[in-house]
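Asks: Handing you a structure now.
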Amino acid sequence: MNYYDLTAHEIHELLVKKEVTSVEVTNSVIERAEKTEPYIESYLERTFECAVNTARKVDEKIAKGEDISPLEGVPAALKDNLCTKGVKTTCASKMLENFVPCYDAFVVKKIKEQNSPVLGKLNMDEFAMGSSTETSYFKTTKNPYDINKVPGGSSGGCAAAVCAGSAVYALGSDTGGSIRQPASFCGVVGLKPTYGLVSRFGCVAFASSLDQIGPITRDVTDCANVLNSIVAHDELDSTSLDIPKVDYTKALTGDIRGMKIGIAADYIQDGINEDVKKAFLSAAETFKALGAQVGEYTMKAAKYALPAYYIISGAEASSNLARFDGIRYGYRSKKYEDLTELYKNTRSEGFGAEVKRRILVGTYALSAGYYDAYYKKAQKIRTVIINDFNEQFEKFDFIITPTTLSTAFSIGEKIENPLEMYLNDLCTVSVNIAGLPAISIPCGFDSGGMPIGLHIIGKALSEETILRAAYAFEQNTRFNKKRAIVKNKEGREI
Amino acid sequence: MSYETVIGLEIHAELSTATKMYCGCPTSFGSEPNMHCCPICLAMPGTLPVLNKKAVEYAIKAGLAMNCSITDMGKQDRKNYFYPDLPKAYQISQLDTPICVNGYIDITPGGKTKRIRINRIHIEEDAGKLLHDAAGSSTLVDYNRGGTPLIEIVTEPDISSSEEARLFLESVKAILQYIEVSDCKMEQGSLRCDVNISVRKKGENKLGTRTEMKNINSFKAAVRAIDFESNRHIEEIEYGGKLIQETRRWDDAKGESFSMRGKEEAQDYRYFPDPDLVYIAVSDEMIAQIKNSLPELPAARKERYIGEYNLTPYDAEQITNSKHLADFFEECISCGATPKTVCNWLIGDIAKTLNEKNAEPADIPFSPAQLSKLIELIEKGTISNTAGKKVLSEMFEKARNPEEIVKELGLVQISDESALLRIITEVVSANPKSVEDYKAGKDKAIGYLIGQAMRATKGQGNPQIIAKLLKDELDKNI
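Structure follows, in structure tokens:
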């Protein structure tokens, strides 16, 4: 048995039965990482030794006969925009190449409290801006199903690591699809929780009103367990919700009889890959077969969601990233004669092209004379989208769309064409705009063997509903059981 | 040609909350640089702001004390600009939903009441401080002050002279101190103001070109800056110069204002609602509760002093403009001192001494009981008025009991009539010429004789008694 192939709950069972130790599992994952990393390149920083120490502690606990929580002793990794005390947090940017936070993000604290051995920090698009990890200053992560293809982004390192077996689960962040799209591309499960459910404290901000941290896992049960461990009210995040604690695993009943499902018809017409469309329609049939009712609907503002998203996220990013000015931390240019030059050169040299593009768009959208035409109008569209969703959720328990209209694309294919790259977020952005929860789960493979994702959207705080639907689907399809076979450039399994 | 000056003020007051606006760091002044900082107020990546509820309460308190309406749903906005003292590269402020709106303060220039309207009061955070080293080769930043809560009070352009501006500023300071939301220490920068000024010919409706002056660090500087700037405007108009709308920096040492930046270079702050923060919801109950907690305000106290203690409006205002002075005044009265006398001491010699020492009423080193004792010593005739002033200046130095000082300096007045009579008899017999003059009707001569008697008592004789006894003695011999 390859322990690195197991899910967190399978590992937990073995640990409880004392059939394996956490150190053995952790070492298995580390060995797997050492084998796959030269090809996949998902890690930016490795803390393997530290992970083994945590594993050892858990093993002592088990040896003493103490109970362990579901994630205890299960090795995990973190997207590199989640602050880790004493461990570099770079956001895959030259700007923060040597930045070491002095505190742990809220979710990092939660994971550490769970005694989950933390293996390291995972690659991403620079400051979470991108859909392929190609905007990372350091390296491009490869899709474990085909190393010529992107893993998606921005949490591409997370999805690739979980897919390849070099982490059992990971925490990513999702601003416009950054958890769900890579999960879809790598055939794993990715959840973006309701805005405010998970504290953002310690997640380096991209777009504050859209960012949410969420789990990337190998199946829906793991997703529910990880969610259980990171949901809590945080007084240090003003937007953190203070609601009664829920056990999300209770929703995993497998029963969706009588549930009403809406199909967003807008997304299965133009521009959709035929294999993706086939897998999606077949998923709808699966739900029907499980006793759900399926209906179609048209989103009123579907075509405005993407432009509204790029204006709002750009505007917020232009302000959030202003603190990277070379004064207190991070990169500082060596060439400057005065303050203005220090700012200009630091930011010109420290940020990559995509980050600069977003900052420019956002700055423009907020400028005097353009504010009403762009930022304000985008906010109005936001209201229209929220109302539209609210209307749909009067009719449906949840909505399904493909996570993306195509499967993973080749490295280099879209990086020179930002508009085409931005289309990756077509199905996912409106969820962030409306602050809703959504999950991507594997629902098939295209003719080339690349994974396809099913996107399930619920109303605010209906994580239980979408997890229930996802679990029922998973139990009856088993697409999640497939593991990627990592092959080198010559096509030989490594 | 006569001109009229139109002035609007923007006053920044640091709120005296224990902790900063968006984190738990202390706000106290005077620590080593960068000791009152945390990841949040240093804007480390990933940190988020959480609003200090006390700051909102204080701002509402100030608004209610200045007759404002309170906004029930306020938001906070980001004002974006780059400067090393601003760690997030944006200041969290309020653009279009200030927490308080439409208030006023009445001032009484030349004894006539004038209403100065307040457009708004909003909350925002302070920036850090740049420290330039002596050699000028490097600049350091101290973020201790960064994130301290501020209120900005913006007036309508209702002020028409430097004197009115001073009265208004004093009123604002008095109110903020009364309601205990700000220390108002200008020298520590906890109260600062910007002046917007324009000049127009009397009778004209259209406002003239406006300039804004920054860097004004005291009420005196505000007066000087306004006088300078309005004269500059008038001169520009008279001599056909071209006034431009601009921001100017007041240099108090030089007594001049200098151009900082023109309208064209005005910064675009790209304000937008801060997505990290939620709406500030203020309930009617909260407003009522704060309203009930307001103490007696300077205006009401002034009226009470006029009615209850028979002070003149001017005197009453001088006392009530400082909460500390007014509290001191009332304690003296409860010690039994006469209100008018206490008032004269407070706004006379004591105010003068404070002024010379560049100190505030809070710095008075002696207690109200000690001042009352001094007044009693004078009223009972134990010491003379002149000796009283000497005792006061000693009390400022040493804060000791006036009786002790009187004893130590040998200031006790001789009021014993038999002792004084003996001296007077000697003076009369030693100065026959003056006695002759007095009898011949030269009243001035008695002054000389009193002087001689005082000299003979080494200045300790009670001058009133000496005068009376001397007059009796001279008249007896006619």
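Those protein sequence lines, which keep their order, are chains B and X.
With the numbering used here applied, the first sequence closes on residue 1232, and no number is skipped along the way.
With the numbering used here applied, the second sequence closes on residue 509, and no number is skipped along the way.
Heads up, the beta-carbon is just placed ideally off N, CA and C, and yes, glycines get one too.
Keep in mind it's a predicted model, so treat the numbers as computed, not measured.
Please report how far the alpha carbon of residue 198(X) lies from the alpha carbon of residue 151(X), in whole angstroms.
Replies: The residue given as residue 198(X) occupies position 167 in the second sequence. The residue given as residue 151(X) occupies position 120 in the second sequence. Each residue's Cα considered, the two are about 19 Å apart.
Asks: Taking 8 Å as the threshold, find out whether the segment 828 to 843 of chain B comes into contact with the segment 69 to 83 of chain X through three or more Cβ pairs.
Replies: Touching, yes, given that three or more Cβ pairs across the two stretches are closer than 8 Å.
Asks: As a quick exercise: from 855(B), 874(B), 858(B), pick the residue whose alpha carbon is nearest that of residue 1149(B).
Replies: Position 411 of the first sequence, counted from the start, is the residue given in the question as residue 1149(B). For residue 1149(B), the nearest C-alpha among the options comes from 874(B).
Asks: Measure how close the beta-carbons of residue 1145(B) and residue 1011(B) come, nearest whole angstrom, since I'm counting them as under 8 Å.
Replies: On the first sequence, residue 1145(B) is found 407 positions in, with the first residue counted as 1. On the first sequence, residue 1011(B) is found 273 positions in, with the first residue counted as 1. Right, the Cβ-Cβ distance comes to about 7 Å (below 8 Å), so this counts as a contact.
Asks: Between the beta-carbon of residue 67(X) and the beta-carbon of residue 57(X), is there less than 7 Å?
Replies: Residue 67(X) sits at position 36 when you count from the first residue of the second sequence. Residue 57(X) sits at position 26 when you count from the first residue of the second sequence. Cβ atoms of residue 67(X) and residue 57(X): closer than 7 Å.
Asks: Could you spell out the range, first to last residue, of the alpha helix (DSSP H) harbouring residue 372(X)?
Replies: On the second sequence, residue 372(X) is found 341 positions in, with the first residue counted as 1. Run containing residue 372(X): 370 to 376, per the alpha helix (DSSP H) assignment.
Asks: Where are the beta strand (DSSP E) runs, 3 residues long or more, that stay fully inside the segment 170 to 232 of chain X, in chain order?
Replies: Whole beta strand (DSSP E) segments, 3+ residues: 170 to 173, 180 to 186, 222 to 232.
Asks: Identify each residue in the segment 1029 to 1055 of chain B for which the Cβ-Cβ distance to at least one residue of chain X is less than 7 Å, and report them in chain order.
Replies: Of all residues in the segment 1029 to 1055 of chain B, 1053, 1054 have a Cβ within less than 7 Å of some Cβ in chain X.
Asks: Please work out which residues of its chain come closer than 7 Å, Cβ to Cβ, to residue 886(B), disregarding the five sequence neighbours upstream and downstream, and give them in chain order.
Replies: Mapped onto the first sequence, residue 886(B) falls at position 148. Once the five neighbours on either side are set aside, the close Cβ partners of residue 886(B) are 1148, 1149.
Asks: Can you find a CB in chain B that lies within less than 7 Å of the CB of residue 111(X)?
Replies: The sequence position of residue 111(X) within the second sequence is 80, counting from 1. Closer than 7 Å: yes.
Asks: Considering residue 1100(B), what are the terminal residues of the alpha helix (DSSP H) in which it resides?
Replies: Residue mapping note: residue 1100(B) aligns to position 362 of the first sequence, counting from 1. Its alpha helix (DSSP H) spans residues 1091 to 1104.
Asks: Ignore the nearest five residues each way along the sequence and tell me which others in residue 771(B)'s own chain have a CB closer than 6 Å to its CB.
Replies: Position 33 of the first sequence, counted from the start, is the residue given in the question as residue 771(B). Closer than 6 Å at Cβ, skipping near neighbours: 904.
Asks: What is the residue span of the alpha helix (DSSP H) that residue 255(X) lies within?
Replies: On the second sequence, residue 255(X) is found 224 positions in, with the first residue counted as 1. Start and end: 250 to 269.
Asks: Measure from the C-beta of residue 370(X) to each C-beta in chain B and report whether the shortest distance is under 7 Å.
Replies: For the purposes of this step, residue 370(X) is taken as the residue at position 339 of the second sequence. With 7 Å as the cut-off, residue 370(X) does not count as an interface residue toward chain B.
Asks: Taking C-beta to C-beta, are residue 493(X) and residue 444(X) nearer than 7 Å?
Replies: One-based indexing of the second sequence puts residue 493(X) at position 462. One-based indexing of the second sequence puts residue 444(X) at position 413. Their beta carbons are under 7 Å apart, which means residue 493(X) touches residue 444(X) by this criterion.
Asks: Give a yes or no on whether 7 Å exceeds the smallest Cβ distance from residue 975(B) to chain X.
Replies: If you number the first sequence from 1, residue 975(B) lands on position 237. Chain X contact via Cβ: present.
Asks: How many Å lie between residue 104(X) and residue 1118(B) at the Cα?
Replies: One-based indexing of the second sequence puts residue 104(X) at position 73. One-based indexing of the first sequence puts residue 1118(B) at position 380. Straight-line Cα distance between these residues: approximately 19 Å.
Asks: Name, going along the chain, the residues of the segment 284 to 317 of chain X whose beta-carbon falls closer than 7 Å to a beta-carbon of chain B.
Replies: Against chain B - using a Cβ distance shorter than 7 Å - the residues of the segment 284 to 317 of chain X are 299, 301, 303, 306, 307, 308, 309.
Asks: Going by DSSP, what residues sit across from residue 912(B) in a beta bridge?
Replies: For the purposes of this step, residue 912(B) is taken as residue 174 along the first sequence, with counting starting at 1. The partner list for residue 912(B) (beta bridge, DSSP) reads 950(B).
Asks: Would you say residue 89(X) reaches chain B, if we count a Cβ-Cβ gap shorter than 7 Å as a contact?
Replies: Within the second sequence, the letter at position 58 stands for residue 89(X). Output row for residue 89(X): interface = no.
Asks: Closer than 8 Å, Cβ to Cβ, to anything on chain X: give me those residues from the segment 1069 to 1092 of chain B, in chain order.
Replies: Residues 1077, 1081.
Asks: Tell me whether residue 137(X) sits in a helix, a strand or coil according to DSSP, three-state version.
Replies: Against the second sequence, residue 137(X) aligns to sequence position 106. If DSSP states are grouped into helix, strand and coil, residue 137(X) belongs with the strands.
Asks: Quick check on DSSP: helix, strand or coil for residue 355(X)?
Replies: For this step, residue 355(X) is matched to residue 324 along the second sequence. Looking at residue 355(X) - three-state DSSP - the assignment turns out to be helix.
Asks: If you compare alpha carbons, which of 191(X), 88(X), 37(X), 73(X) is closest to residue 312(X)?
Replies: For this step, residue 312(X) is matched to residue 281 along the second sequence. Per the Cα distances, 88(X).
Asks: List the residues of chain X that residue 821(B) touches, going by C-beta distances under 7 Å, in chain order.
Replies: Within the first sequence, the letter at position 83 stands for residue 821(B). Neighbours of residue 821(B) on chain X, chain order: 76, 77.
Asks: Enumerate in chain order the residues of its own chain whose CB-to-CB distance from residue 799(B) is below 8 Å, with the five nearest sequence positions on each side excluded.
Replies: As a first step, residue 799(B) must be located in the first sequence, where it is residue number 61. Correct list, in chain order: 806, 810, 853.
Asks: Using beta-carbon positions only, say whether residue 952(B) and residue 931(B) come within less than 7 Å of one another.
Replies: The count along the first sequence starts at 1 and reaches residue 952(B) at position 214. The count along the first sequence starts at 1 and reaches residue 931(B) at position 193. Yes.
Asks: Spatial neighbours of residue 1221(B) within its chain, please: C-beta separation below 6 Å, excluding the five flanking residues on both sides.
Replies: By 1-based counting over the first sequence, the position of residue 1221(B) is 483. Hits under 6 Å: 743.
Asks: Mind pulling the chain X residues with CB within less than 7 Å of residue 1063(B)?
Replies: Position 325 of the first sequence, counting from 1, holds the residue named residue 1063(B). Within 7 Å Cβ-Cβ: 113, 120.
Asks: Taking the beta strand (DSSP E) that residue 1192(B) falls in, what are its first and last residues?
Replies: For the purposes of this step, residue 1192(B) is taken as residue 454 along the first sequence, with counting starting at 1. Where residue 1192(B) is concerned, the enclosing beta strand (DSSP E) stretches over 1189 to 1196.
Asks: Can you look up residue 1114(B) in the DSSP assignment and give me helix, strand or coil?
Replies: Indexing the first sequence from 1 puts residue 1114(B) at position 376. Note: residue 1114(B) maps to helix in three-state DSSP.
Asks: Helix, strand or coil for residue 364(X), going by three-state DSSP, please let me know.
Replies: Start at 1 with the first residue of the second sequence, and residue 364(X) comes out as number 333. Correct three-state label for residue 364(X): helix.
Asks: Taking 7 Å as the CB-CB limit, is residue 57(X) close to chain B?
Replies: Mapped onto the second sequence, residue 57(X) falls at position 26. Residue 57(X) does not count as touching chain B.
Asks: Are residue 1142(B) and residue 1162(B) touching if we call contact CB-CB under 7 Å?
Replies: By one-based count along the first sequence, residue 1142(B) stands at place 404. By one-based count along the first sequence, residue 1162(B) stands at place 424. Yes, Cβ-Cβ distance for residue 1142(B) and residue 1162(B) is below 7 Å.
Asks: Restricting to Cα atoms, I'd like to know which of 193(X), 272(X), 108(X) is closest to residue 140(X).
Replies: Working through the second sequence from its first residue, we reach residue 140(X) at position 109. The option with the nearest alpha carbon to residue 140(X) is 193(X).
Asks: Leaving aside the five residues before and after residue 171(X) along the sequence, list all residues of the same chain whose C-beta is less than 6 Å from its C-beta, in chain order.
Replies: Taking the second sequence and counting its residues from 1, the one referred to as residue 171(X) is at position 140. Only 162 meet the Cβ criterion.
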